[in-house]
Structures are given as C-alpha cells and as structure tokens.
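Input: a single structure, listed below in structure tokens.
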Amino acid sequence: MIGLRPANLSGIAALAAHCDDLAIGAGGSLLTLCAARPGLRVDALVLSGGGSEREDEERAALAAFCPGADLRVTVLKLPDGRLPAHWEEAKAAVEELRARTDPGLIFAPWRGDAHQDHRGLAKLVPTAFRDHLALGYEIVKWDGDLAAPSVYQPLAPEVAEQKVDLLQRHYASQRHRPWYDREAFLGLARIRGIECHARYAEAFHVSKLIVDLEN
Numbered sequence: 001m002i003g004l005r006p007a008n009l010s011g012i013a014a015l016a017a018h019c020d021d022l023a024i025g026a027g028g029s030l031l032t033l034c035a036a037r038p039g040l041r042v043d044a045l046v047l048s049g050g051g052s053e054r055e056d057e058e059r060a061a062l063a064a065f066c067p068g069a070d071l072r073v074t075v076l077k078l079p080d081g082r083l084p085a086h087w088e089e090a091k092a093a094v095e096e097l098r099a100r101t102d103p104g105l106i107f108a109p110w111r112g113d114a115h116q117d118h119r120g121l122a123k124l125v126p127t128a129f130r131d132h133l134a135l136g137y138e139i140v141k142w143d144g145d146l147a148a149p150s151v152y153q154p155l156a157p158e159v160a161e162q163k164v165d166l167l168q169r170h171y172a173s174q175r176h177r178p179w180y181d182r183e184a185f186l187g188l189a190r191i192r193g194i195e196c197h198a199r200y201a202e203a204f205h206v207s208k209l210i211v212d213l214e215n
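Just so you know, full-length UniProt numbering puts the end of the sequence shown at 215, numbered straight through with nothing missing.
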C-alpha cells in the first residue's frame, strides 16, 4: 500500500452530528495528529447536545483527545435524529465553520452511514469545503452499515488503548448502551489493523482525491 502524508498540516476541522461521534470514529487519529504536531489548530463542530450534560462530556473528551492543540469547539442544539428537518440550520453551521477556517484535513461522517443525521452532515461537508481532503469516519452500530474503507490510519497499541480508556472515562451517559464497550472499539480497530498490516487502525472513506504525478 502507498502512504500519503499531508504536507504542512497546520489545522484540521472535525465535524459530527452527535457528541462522541468524533471520538468513536477518529479519536485515535486525533490523538496521533495532536501528539505529532503540538499547537495544531482543531476546529470541532458538533450539531447536537448543546446545553446538556453531553456538551460537557464532549468538551472534556475533545480536550483529552487533542492534547496540546489549539482547540475550538462549537456544540449546537439541533435535536437528535432530526437533521433533515433542520437542514438550513445545519448548513449554516457548516458554512460558518468554513468561513473561519481553511483546514488541511477534515474528519466527518461518510455518505454511506445509515444514520440520517450522520449521512446528512456528510452531504453538507463538500458544499462548503469544496477543495479539501475529507476523511469519512465509521461508527459501528445496530444498523450494520460497515463497508469497505479505502483509507487507514494505523494506531500504535498504546494509542488504541488510550482511545478506549478515554471513551469510557468521558462519556458516562453512553455506558449503558449494549454496544458501547471495550470489545467493540478494540475489535473494529483490530480488524482495520489487519486490513492495513498493523495491530490496530482507524479506517475512513474518501470520495475524491487528487494525486500529483508530476511532482
């Protein structure tokens, strides 16, 4: 496999429909990026959970997942499961994020996600970030929508373990869910690691990528 490394990565944008989506889908990659690039600017936008305990969980969790970063977090109050009915508000939020940042990399849901909020946000991202590398993260769920990803970020074993520990520590409101456990998170990371010749990995979908074969 060929490795691609974004050059001069000074900032990233991380978008999610719900609190904990980013940590589940890209938490290991955030830990890896921020450890390698102290002071990296991270603009995070979460569409729901604002004004609740979930916002408090999210802010504390993202601070832990982005150590040493220039972290800027926005958590809105769109109702869970109702993004299609709040399309204009969601679109405005994505456009406002674009107006204040020009990231070298974006983490966002992917278009094939079965959850309507995730899928809707995935469709909004390229309408505002038209010339950016956007990686669509995956979230294991009851719907059974896992697919064949095309991009992998290998995770050092200690990073994979740290990701799981932070998920359990910071999202107390989710611990009652039957799928929210150590085996689920490490199990998927192990499978994705097998697929890219690593112990653990996170995997992503990319809809468009330009290669420069001249340079």
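Just so it is clear, CB atoms sit at the ideal spot from N, CA and C, and this is done for glycine as well.
The model shown is predicted, which means the values in this text are computed figures rather than measured ones.
Within the same chain, show all residues whose beta-carbon is closer than 6 Å to that of residue i, passing over the 5 residues directly before and after it, in chain order.
i: residue 189; result: 160, 200
i: residue 63; result: none
Kindly list the residues whose CB is nearer than 7 Å to the CB of residue i, restricted to its own chain and excluding five residues on each side of it in sequence; keep chain order.
i: residue 204; result: 135, 136, 137, 149, 151
i: residue 49; result: 18, 19, 55, 58, 75
Count the other C-beta atoms from every protein chain shown that fall within 10 angstroms of the C-beta of residue i, then say buried if there are 16 or more, exposed otherwise.
i: residue 33; result: buried
i: residue 39; result: exposed
i: residue 15; result: buried
i: residue 58; result: buried
i: residue 117; result: buried
i: residue 98; result: buried
i: residue 86; result: buried
i: residue 139; result: buried
i: residue 120; result: buried
How many Å lie between residue i and residue j at the Cα?
i: residue 177; j: residue 20; result: 13 Å
i: residue 109; j: residue 12; result: 15 Å
i: residue 175; j: residue 102; result: 35 Å
i: residue 65; j: residue 213; result: 35 Å
i: residue 100; j: residue 37; result: 21 Å
If we call anything under 8 Å between Cβ atoms a contact, is residue i one with residue j?
i: residue 18; j: residue 70; result: no
i: residue 51; j: residue 77; result: yes
i: residue 88; j: residue 128; result: no
i: residue 35; j: residue 61; result: no
i: residue 26; j: residue 107; result: yes
i: residue 202; j: residue 153; result: yes
i: residue 104; j: residue 9; result: yes
i: residue 170; j: residue 141; result: no
Leaving out five residues on either side along the sequence, give the residues of the same chain with a beta carbon under 8 Å from the beta carbon of residue i.
i: residue 123; result: 111
i: residue 67; result: 31, 34, 35
i: residue 53; result: 173
Would you check if there are 3 or more beta carbon pairs closer than 8 Å linking the segment 154-174 to the segment 113-132? Result no; under three Cβ-Cβ pairs closer than 8 Å.
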